[in-house]
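These protein sequences, in sequence, are chains A and Y.
Per this note's numbering, the very first residue in the first sequence carries number 5; after that it's consecutive.
Per this note's numbering, the very first residue in the second sequence carries number 30; after that it's consecutive.
Here the structure comes first, spelled out in structure tokens, and everything after it is commentary.
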Amino acid sequence: AQSVTQPDIHITVSEGASLELRCNYSYGATPYLFWYVQSPGQGLQLLLKYFSGDTLVQGIKGFEAEFKRSQSSFNLRKPSVHWSDAAEYFCAVGPSGTYKYIFGTGTRLKVLA
Amino acid sequence: EAGVVQSPRYKIIEKKQPVAFWCNPISGHNTLYWYLQNLGQGPELLIRYENEEAVDDSQLPKDRFSAERLKGVDSTLKIQPAELGDSAVYLCASSFTSSNEQFFGPGTRLTVL
Numbered sequence: 005a006q007s008v009t010q011p012d013i014h015i016t017v018s019e020g021a022s023l024e025l026r027c028n029y030s031y032g033a034t035p036y037l038f039w040y041v042q043s044p045g046q047g048l049q050l051l052l053k054y055f056s057g058d059t060l061v062q063g064i065k066g067f068e069a070e071f072k073r074s075q076s077s078f079n080l081r082k083p084s085v086h087w088s089d090a091a092e093y094f095c096a097v098g099p100s101g102t103y104k105y106i107f108g109t110g111t112r113l114k115v116l117a
Numbered sequence: 030e031a032g033v034v035q036s037p038r039y040k041i042i043e044k045k046q047p048v049a050f051w052c053n054p055i056s057g058h059n060t061l062y063w064y065l066q067n068l069g070q071g072p073e074l075l076i077r078y079e080n081e082e083a084v085d086d087s088q089l090p091k092d093r094f095s096a097e098r099l100k101g102v103d104s105t106l107k108i109q110p111a112e113l114g115d116s117a118v119y120l121c122a123s124s125f126t127s128s129n130e131q132f133f134g135p136g137t138r139l140t141v142l
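Given below as structure tokens:
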């Protein structure tokens with residue numbers, strides 16, 4: 005069955021520290037992969053996506069993610085976290101070229117001043 | 030460019046009452062989606078419209094939920110009657126076509142007492 009796992013429900017980091025949010029997926033073929041961010045009271049905003057090609061993907065707000073086929077992972081990283089990055093982050097997968105996204109349960113990021 | 034607009038942002042009702050949510054997608058977007066997001070979970074697709082046609086409503090609980098997209102622009106999602114378990118955030122998203130990036134609205138947070 006297709007699934008997405010975000011093993012960390014909550015993560016707390018200090019401002020300026022590096023960040024890595026984990027995402028593992030189970031899928032029959034290479035899916036499309038996404039990271040979304042949801043700030044309180046807001047909708048989901050796309051940070052980055054992977055369809056094919058270079059496995060290191062650059063996104064908005066200084067985020068990047070690396071697709072590792074052997075580990076079925078698509079972890080999100082940021083070298084230096086800002087207080088405004090505090091939000092909930094969702095990983096999603098979907099069949100190539102279609103709309104059927106499967107979302108993970110999210111990781112809530114807290115940033116300490 | 031205006032994003033996806035949803036109203037109301039918050040709604041509190043008593044169980045067994047009807048409720049309706051409204052969504053105005055991004056101009057020119059032919060595909061519209063309604064998602065359900067339970068607390069601590071990622072969004073789950075309820076229904077997808079291509080223009081005015083509901084092309085995927087397999088996850089919509091049709092005994093109490095209904096949706097429409099008259100004229101292929103705005104859409105309304107209705108619950109009648111509401112149950113306690115319907116308390117959640119209802120997200121609307123739109124995309125140019127079903128294979129393009131989805132843009133999410135801020136959602137309607139429903140509380141059923």
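Think of the CB as a built atom: it goes at the ideal place given N, C-alpha and C, for glycine as much as any other residue.
Counted within 10 angstroms of its Cβ, other Cβ atoms place Y/D115 as buried (16 or more) or exposed: Against the second sequence, residue 115 of chain Y aligns to sequence position 86. Flag for Y/D115 reads buried.
Sufficient close CB pairs (3 or more, under 8 Å) joining the segment 62-73 of chain A to the segment 10-18 of chain A: no
Cβ neighbour criterion (16 or more within 10 Å) applied to Y/T137: One-based indexing of the second sequence puts residue 137 of chain Y at position 108. Answer is buried; the Cβ neighbour count reaches 16.
One or two residues paired with Y/W63 in a DSSP bridge: For the purposes of this step, residue 63 of chain Y is taken as residue 34 along the second sequence, with counting starting at 1. Y/I76 and Y/C121, per the DSSP bridge assignment.
Given 8 Å, three or more beta-carbon pairs between the segment 117-130 of chain Y and the segment 52-68 of chain Y: yes
Assigned exposure category for A/K114 - 16 Cβ within 10 Å defines buried: Translated into the one-based positions of the first sequence, residue 114 of chain A becomes position 110. Per the 10 Å Cβ criterion, exposed.
CB-CB length for A/S100 against A/N28, believed under 8 Å: Numbered from its first residue, the first sequence carries residue 100 of chain A at position 96. Numbered from its first residue, the first sequence carries residue 28 of chain A at position 24. Actually they do not touch by this definition, with Cβ atoms about 19 Å apart.
Contact list for A/Y54 against chain Y, beta-carbon separation under 9 Å: Start at 1 with the first residue of the first sequence, and residue 54 of chain A comes out as number 50. The contacting residues do not exist; A/Y54 stays about 13 Å from chain Y at best.
Buried or exposed (CB count within 10 angstroms, at least 16 for buried), A/W39: Locating residue 39 of chain A in the first sequence gives position 35, counting from the first residue. When all chains shown are included, A/W39 counts as buried.
Cβ contact (3+ pairs, closer than 8 Å) linking the segment 39-49 of chain Y and the segment 97-104 of chain Y: no
Pairwise C-alpha distance: Y/V118 and Y/L68: What you label residue 68 of chain Y is simply residue 39 of the second sequence in a count that begins at 1. What you label residue 118 of chain Y is simply residue 89 of the second sequence in a count that begins at 1. So the two alpha carbons sit approximately 8 Å from each other.
Run of the beta strand (DSSP E) containing Y/N53, from where it starts to where it stops: Numbered from its first residue, the second sequence carries residue 53 of chain Y at position 24. It spans V48 to N53 - the beta strand (DSSP E) in which Y/N53 sits, taken as one unbroken run.
Host beta strand (DSSP E) of A/G98 (start-end): One-based indexing of the first sequence puts residue 98 of chain A at position 94. Unbroken beta strand (DSSP E) run through A/G98: A91 to G98.
Selected residue, minimal CA-CA separation from A/A91, among A/I64, A/R73, A/G57 and A/L48: Here residue 91 of chain A refers to the residue found at position 87 of the first sequence. Considering only alpha carbons, the answer is A/L48.
Y/G71 beta carbon less than 8 Å from that of A/G108: In the first sequence, the residue the question calls residue 108 of chain A occupies position 104. In the second sequence, the residue the question calls residue 71 of chain Y occupies position 42. A contact, by the Cβ cut-off of 8 Å.
Cβ-based neighbour list, Y/L74, same chain, cut-off 7 Å, excluding 5 preceding and 5 following: Along the second sequence, read from residue 1 onward, the residue named residue 74 of chain Y stands at position 45. Result list for Y/L74: Y62, Y64 and Q88, in chain order.
Cβ-Cβ separation, A/A96 to A/V8 (assumed contact under 8 Å), whole Å: Numbered from 1 along the first sequence, position 4 holds the residue referred to as residue 8 of chain A. Numbered from 1 along the first sequence, position 92 holds the residue referred to as residue 96 of chain A. Right, the Cβ-Cβ distance comes to about 7 Å (below 8 Å), so this counts as a contact.
Interface residues of chain Y facing A/Q46 [CB-CB closer than 7 Å]: Counting from one through the first sequence, the residue named residue 46 of chain A turns up at place 42. Result: P135.
Element boundaries [beta strand (DSSP E), containing A/N79]: Locating residue 79 of chain A in the first sequence gives position 75, counting from the first residue. Run containing A/N79: S77 to K82, per the beta strand (DSSP E) assignment.
Interface residues of chain A facing Y/L68 [CB-CB closer than 7 Å]: Working through the second sequence from its first residue, we reach residue 68 of chain Y at position 39. The contacting residues do not exist; Y/L68 stays about 10 Å from chain A at best.
8 Å Cβ cutoff, A/T59 in contact with chain Y: Residue numbering aside, residue 59 of chain A sits at position 55 when the first sequence is read from its first letter. So no, A/T59 is outside the interface.
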